[in-house]
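Undergrad: For what it's worth, my numbering labels the leading residue of the sequence shown as 1290, then goes sequentially. Take this structure first; my questions come after.
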Amino acid sequence: MNYDILLKGGTVIDPAQRLNKIKDIAISNGLIAAIDDDIPKDLAKQTIPVKHKYVTPGLIDIHTHVYYGVTTWGIRADDVCTNTGTTTVVDAGSASWASFPGFKEFISEPAQTNILNYVHISGIGLIYGPVGEIHDLAYADPDRVADTLIANRDITVGVKVRQGKMQVGDNGVEPLKLAIRAAEQADTPVMCHIGQGIPLPDVLELMRPGDVITHCFQGNGDNIVDEKGNVIPEAWKAREDGVIFDVGHGGGSFRYEIAQRAMEQGFISDVISTDLHTGNIDGPVYDLPTTLSKLMHLGLTFEEVIEKATLNAAKAIKRENVIGNLKIGNIADVGIFDVVDGEFEFFDAHDTKFFGSKKIEPVITIREGMVV
Ligand SMILES: [Zn+2]
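Dropping the structure here:
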């Protein structure tokens, strides 16, 4: 027996290898061992027939909140990820330097899901949601945040900052500047939440190539499109400069109409993430495949949404050599999906209902070569 598992006859979609074809995939010792047109069954201990199903790299959700039991919005990652084809999640700033050791020991290490982390620039992280975390700039300690990133490169990906009036009070874009200072010290990207009350051009002007804007289709004010519905020139410029735009659906940060207007003009997000937390896991977000289905309704193909939740997501967190693809020798994180036809009801984050004719349904999740 050469292989532990053989996935037989599925349509393999791996944007990193420009692959969209019926192929067999063999897994051995937790790694992708072979991809070929026909791998004989007798070479594997277990064969899983996946004919008429899509086989993709395990999905990567770059915006979630999984610091369960400690922070305002923390969910249990394994409860939702391991049955949705989502093998990697990034917690977007629940922890900062002070609470990071707990995140690592009690959340990241024991989980079956691969859990990474954006370290919040505010030392209190997202421990108390009702009050904005950086009304007082004294909460920001770029040196300690940078030290945490440098000492934990295996599970950290960057610095998180939230730039809405609710989070920053009268501090304008100062929190973002402090986040960038920490990110520069540690040579990592920043993920910046955008929202009402802070002019978006002021935020975009500071963003560096490779930094991530999350909630790009939020519609609470200071949106990516102006009152006439046109994408603002500063957003086009930022994109040209290499700033990454991410959906970050959330409980209040995805307005269908904004996404529609932006996408009609060709402004399509680079990455699709959920911002999954306690306030939206029972709807309207549910999970990453549901969010991907919504973007398919907005005109993207299955292959395109998979690219945004695998290859592009991996690039945004600078892990594209490790995860988000099915290259031989890499960790065998795999999602197996159906795309079903019908009439499906979806909601954005503002109770806007729309109907989609396709829905992505997770079938099997494989994490580090094990069927979950
Ligand atoms: Zn969030």
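Every residue gets a Cβ at the ideal spot worked out from N, C-alpha and C, and that includes glycine.
(1) Using 7 Å as the cut-off, classify the Cβ of residue 1380 as near or not near the heavy atoms of ligand 1, replying yes or no.
(2) Would you decide whether residue 1341 is buried or exposed? Buried here means 16 or more other CB atoms lie within 10 Å of its CB.
(3) Given 7 Å as the limit, tell me if residue 1564 has its C-beta closer than that to any heavy atom belonging to ligand 1.
(4) For a quick check, are the C-beta atoms of residue 1293 and residue 1658 less than 8 Å apart?
(5) If you follow the beta strand (DSSP E) that residue 1335 is in, where does it begin and where does it stop?
(6) So, helix, strand or coil for residue 1582, using DSSP?
(7) Spatial neighbours of residue 1660 within its chain, please: C-beta separation below 8 Å, excluding the five flanking residues on both sides.
(8) Verify the contact flag: residue 1708, CB atom, against every heavy atom of ligand 1, threshold strictly below 7 Å.
(9) Report buried or exposed for residue 1507, applying the criterion of at least 16 other Cβ atoms within 10 angstroms of its Cβ.
(10) Using the beta-carbon count (16 or more within 10 Å), is residue 1564 buried or exposed?
(11) With a cut-off of 8 Å, do at least 3 Cβ pairs link the region 1605 to 1615 to the region 1353 to 1361?
(12) Whole angstroms are fine: how far does the CA of residue 1410 sit from the CA of residue 1611?
(13) Does the beta carbon of residue 1354 fall short of 7 Å from some heavy atom of ligand 1?
(14) For residue 1417, count neighbouring C-beta atoms within 10 Å of its own C-beta (all shown protein chains included) and say buried if the count is 16 or more, exposed if not.
(15) Can you grab the Cα-Cα spacing for the pair residue 1575 / residue 1372, in whole Å?
(16) Cβ of residue 1482 within 7 Å of any heavy atom in ligand 1?
(17) Among all the DSSP beta bridges, which residues are the ones paired with residue 1305?
(18) Which whole-angstrom value describes the C-beta separation of residue 1492 and residue 1481, a residue pair presumed to lie in contact below a C-beta threshold of 8 Å?
(19) Pick out whichever of 1615, 1290, 1567, 1436 has its Cα sitting closest to the Cα of residue 1300.
(20) Residue range of the beta strand (DSSP E) that residue 1322 falls in?
(21) Give the range of the beta strand (DSSP E) segment to which residue 1437 is assigned.
(22) Using a 10 Å radius around the Cβ and a threshold of 16 neighbouring Cβ atoms, would you call residue 1478 buried or exposed?
(23) According to DSSP, is residue 1397 helix, strand or coil?
(24) Which residues mark the beginning and the end of the alpha helix (DSSP H) in which residue 1357 is found?
TA: According to the structure shown:
(1) Within the sequence shown, numbered from 1, the residue matching residue 1380 stands at position 91. No; taking the cut-off as 7 Å, the Cβ of residue 1380 has no heavy atom of ligand 1 nearer than that.
(2) In the sequence shown, the residue the question calls residue 1341 occupies position 52. Residue 1341 comes out exposed.
(3) Locating residue 1564 in the sequence shown gives position 275, counting from the first residue. Correct: residue 1564 has its Cβ closer than 7 Å to ligand 1.
(4) For the purposes of this step, residue 1293 is taken as the residue at position 4 of the sequence shown. For the purposes of this step, residue 1658 is taken as the residue at position 369 of the sequence shown. Result yes, Cβ atoms of residue 1293 and residue 1658 sit closer than 8 Å.
(5) The count along the sequence shown starts at 1 and reaches residue 1335 at position 46. Counting along the chain, the beta strand (DSSP E) containing residue 1335 begins and ends at 1333 to 1338.
(6) What you label residue 1582 is simply residue 293 of the sequence shown in a count that begins at 1. It is helical.
(7) The residue you call residue 1660 lines up with position 371 of the sequence shown. Taking residue 1660 as the centre and dropping the five residues before and after it, the same chain places the C-beta of 1294, 1337, 1653, 1654 closer than 8 Å to its C-beta, in chain order.
(8) Shown here, the chain extends from 1290 to 1661; a query on residue 1708 therefore has no answer.
(9) Along the sequence shown, read from residue 1 onward, the residue named residue 1507 stands at position 218. In the assembly as shown, residue 1507 is a buried residue. Its beta-carbon has 16 or more other beta-carbons within 10 Å.
(10) If you number the sequence shown from 1, residue 1564 lands on position 275. Answer is buried; the Cβ neighbour count reaches 16.
(11) By the Cβ test, the region 1605 to 1615 is not in contact with the region 1353 to 1361, since fewer than three Cβ pairs between them sit closer than 8 Å.
(12) Counting from 1 along the sequence shown, the entry for residue 1611 is found at position 322. Counting from 1 along the sequence shown, the entry for residue 1410 is found at position 121. Near 26 Å, if we compare the C-alpha coordinates of residue 1410 and residue 1611.
(13) Your numbering for residue 1354 matches position 65 in the sequence shown. Checking every heavy atom of ligand 1 against the Cβ of residue 1354, one is found closer than 7 Å.
(14) Taking the sequence shown and counting its residues from 1, one reaches residue 1417 at position 128. An exposed status is given to residue 1417, since fewer than 16 other beta-carbon atoms sit within 10 Å of its beta-carbon.
(15) Locating residue 1575 in the sequence shown gives position 286, counting from the first residue. Locating residue 1372 in the sequence shown gives position 83, counting from the first residue. Separation of residue 1575 and residue 1372 (C-alpha to C-alpha, rounded to the nearest whole angstrom) is 12 Å.
(16) Within the sequence shown, the letter at position 193 stands for residue 1482. Under cutoff, so the answer is yes.
(17) Reading the sequence shown from its first residue, position 16 is the one you call residue 1305. Looking at the DSSP assignment, residue 1305 forms no beta bridge with any residue, so it has no partner.
(18) Taking the sequence shown and counting its residues from 1, one reaches residue 1492 at position 203. Taking the sequence shown and counting its residues from 1, one reaches residue 1481 at position 192. Right, the Cβ-Cβ distance comes to about 6 Å (below 8 Å), so this counts as a contact.
(19) Here residue 1300 refers to the residue found at position 11 when the sequence shown is read from its first residue. Checking every option, the nearest Cα to that of residue 1300 belongs to 1615.
(20) Taking the first residue of the sequence shown as 1, we reach residue 1322 at position 33. Per DSSP, residue 1322 belongs to the beta strand (DSSP E) from 1320 to 1325.
(21) Numbered from 1 along the sequence shown, position 148 holds the residue referred to as residue 1437. Where residue 1437 is concerned, there is no enclosing beta strand (DSSP E), although the alpha helix (DSSP H) it sits in stretches over 1431 to 1440.
(22) Against the sequence shown, residue 1478 aligns to sequence position 189. With 16 or more other Cβ atoms within 10 Å, it is buried.
(23) Reading the sequence shown from its first residue, position 108 is the one you call residue 1397. Note: residue 1397 maps to helix in three-state DSSP.
(24) Residue 1357 sits at position 68 when you count from the first residue of the sequence shown. Segment: none, residue 1357 is in no alpha helix (DSSP H) and carries neither H nor E.
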